[in-house]
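Using our numbering, read the sequence shown as starting at 11 and increasing by one per residue.
Just so you know, even glycine gets a beta-carbon here, dropped at the ideal spot from N, CA and C.
Quick notes on the structure that follows.
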Amino acid sequence: ESMVDDRFEVLVVEEGTGDSVKCRDGAYRQIIVQNATERGVDVGDFLEVAVTGHNTVYAFGEPVDGTPAEAAGADDAGRVPGDD
Numbered sequence: 011e012s013m014v015d016d017r018f019e020v021l022v023v024e025e026g027t028g029d030s031v032k033c034r035d036g037a038y039r040q041i042i043v044q045n046a047t048e049r050g051v052d053v054g055d056f057l058e059v060a061v062t063g064h065n066t067v068y069a070f071g072e073p074v075d076g077t078p079a080e081a082a083g084a085d086d087a088g089r090v091p092g093d094d
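See below:
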C-alpha cells in the first residue's frame, strides 16, 4: 500500500546522511526528511510530515508548514485524520 500523500506525526530521532534526518512515526516506520538545516529541523523535534515517496526500507517526507503535529489530532499510528 502506498503511503504517498499520507500525513504522519513523527519524532526526529537521529541525523541521517548529508543534510537529512531520520524520523519515526507512531508505528515505528522510518521517514526521511531531507534538507533538514534549511527547514530548521533538529533531532528531538515533533513534526507533521507529508510522504512524498518511498522504497522498501523507508519513506521520504516533507514537513507540513503551519500545522503543528499536536494540533492536527494524529492517531496512535501517527496518521492524521482526513488524509485517507
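Following the DSSP letters along the chain, one finds R34 inside the beta strand (DSSP E) bounded by residues V31 to D35. In this structure, T62 sits away from V20, with a CB-CB distance that is not shorter than 8 angstroms. In the structure shown, the three-state DSSP call for R17 is strand. According to the DSSP assignment, T62 belongs to the beta strand (DSSP E) that extends over F56 to H64. R34 and G28 have their C-alpha atoms spaced approximately 18 angstroms apart.
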